[in-house]
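Residue numbering for the sequence shown follows the working numbering, starting at 52 and increasing by one per position.
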Amino acid sequence: MKGLFAFFLFFVIGSAMQAQTSCGTKISQERFSYEMNTISERSSTYPRLFKTLSISAYIVNSPANVPAVSLETVLLWVDSLNVVFAPLELSFEVCTVVNVPNHKFYNFDRALEEEELYDVYSTPGTINIYFLGSILDNVSEEEDVHADGYTYFPGGDDLMVLSDPKEIIHQMGHFFGLYDTHETDFGEEHVLRNNCETTGDLICDTDADPWTDFYEQPSTWNKTTCNLTEAVFDAQNQFYVPQMSNIMSFWDPCRCYFTNQQFDKMAFEYLNNRNYLR
Ligand SMILES: [Zn+2]
């Protein structure tokens with residue numbers, strides 16, 4: 052019941068947030084090659100994992116010495132995380148909470164400060180999550196970009212940085228190997244799903260998503276009904292009907308679920324690449 056309540060709050064809080072979603076998780080060349088080499092290995096029915104993983108939560112204080120989030124807020128979002136991941140029998144528990152008084156990390160410069168933060172504040176074998184005020188994400192961009200959160204795909208560090216705590220769910224999808232539904236690094240996915248295994252998010256039961264076209268004009272979709280208000284066409288002249296409720300989309304505040312094949316992919320990644328977590 053507590054979980055359901057948290058899930059409800061997930062929508063309420065999500066609806067109240069007007070800020071544009073911005074995700075800083077990036078696909079490395081190694082990750083790209085890994086995906087191209089393992090497409091045929093994934094199972095089509097995910098196993099239940101029956102596993103609880105430990106989260107180490109680091110809450111950074113502002114220059115005025117105010118924590119970036121309260122512990123209650125952290126626990127609320129971990130409850131929401133557990134509701135969303137329940138079909139996989141994968142759950143998360145906050146095992147350590149550390150208040151970080153070193154407020155220079157509060158307005159966090161990813162390129163300059165990530166290594167130091169992770170060296171000083173991390174617990175091996177756990178998912179290390181840092182809650183702080185803002186993220187300057189200029190790793191591979193020419194201009195400064197601020198992110199709501201980022202993490203690393205399997206094979207990378209067990210690290211997640213959040214300036215918006217509700218991003219924990221989307222980022223946990225990345226942490227277990229999911230891509231944004233509108234991802235184009237692997238190529239542009241067609242609405243007809245005739246190239247869905249090797250383009251977009253590499254997953255076929257998530258529809259092609261034209262988010263990138265909307266980044267500059269968010270008023271063309273309805274945040275209450277979660278519908279596009281104009282027809283947008285792909286390269287084959289089919290109009291997009293994206294899953295605006297999919298957690299790996301950017302159609303915040305509509306997001307609330309993963310698909311079966313997204314669970315398949317996360318189970319595969321957990322068993323093959325993240326099974327050292329305790
Ligand atoms: Zn993302």
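Using N, Cα and C, we set each Cβ at its ideal position, and we do this for glycine too.
In this structure, the CA atom of Tyr291 is about 21 Å from the CA atom of Leu229. Of the candidates Lys217, Gly200 and Met211, Gly200 places its Cα closest to the Cα of Ser185. In the three-state DSSP reduction, Pro304 falls in the coil class, being neither helix nor strand.
Taking the Cβ of Met317 as the reference point, every heavy atom of ligand 1 lies at 8 Å or farther away. Within the same chain, Cβ atoms closer than 6 Å to the Cβ of Gln287 are found at His241, the five residues on either side in sequence being excluded. Taking every protein chain shown into account, the CB of Lys316 has 16 or more other CB atoms within 10 angstroms, so this residue is buried. In this structure, Gln313 and Ile254 form a Cβ contact; the two beta carbons are roughly 6 Å apart against a cut-off of 8 Å.
Below 8 Å, enough C-beta pairs join the region 138 to 153 and the region 98 to 114 to call them touching: three or more. Distance from Phe182 to Leu213 at the Cβ level is roughly 6 Å; contact confirmed, criterion being Cβ atoms closer than 8 Å. Under the three-state reduction of DSSP output, Leu229 falls in the coil class, being neither helix nor strand. A check of alpha carbon separations from Glu234 across Tyr172, Cys247 and Asp188 identifies Cys247 as the nearest.
With a threshold of 16 other beta carbon atoms within 10 Å, Ala318 meets it and is buried. For the pair Thr257 and Thr76, the CB atoms are not nearer than the 9 Å cut-off. Looking at the DSSP output, Phe290 bridges to Phe284. With a cut-off of 8 Å, the C-beta of His154 is classified as distant from ligand 1, since no heavy atom of the ligand falls inside that distance.
Taking 9 Å as the cut-off, the Cβ atoms of Cys74 and Ser107 do not count as close. Contact between Phe226 and Ile178 holds: CB atoms are separated by about 7 Å, below the 8 Å threshold. Screening all residues for a C-beta within a distance smaller than 6 Å of any heavy atom in ligand 1 leaves Cys74, Thr76, His221, His225 and Asp231, in chain order.
DSSP assignment within the region 170 to 244 yields the following whole beta strand (DSSP E) runs of 3 residues or more, N-terminal first: 178 to 182, 185 to 187, 200 to 202 and 210 to 213.
Less than 9 Å divides the Cβ of Val196 from the Cβ of Leu187. A Cβ-Cβ separation of about 7 Å places Gly206 in contact with Tyr85 under the 8 Å criterion. Between Ser173 and Phe143, the CB-CB gap reaches or exceeds 9 Å. Looking from the CA of Leu328, the closest CA among Val120, Thr103 and Gln222 belongs to Thr103. Boundaries around Thr124 are those of the alpha helix (DSSP H), Leu122 to Phe136, since no beta strand (DSSP E) includes it. Here Thr147 is bridged, per DSSP, to Ser107.
In this structure, the beta-carbon distance from Arg161 to Ala198 falls below 9 Å. Assigned with DSSP and collapsed to three states, Lys102 falls in strand.
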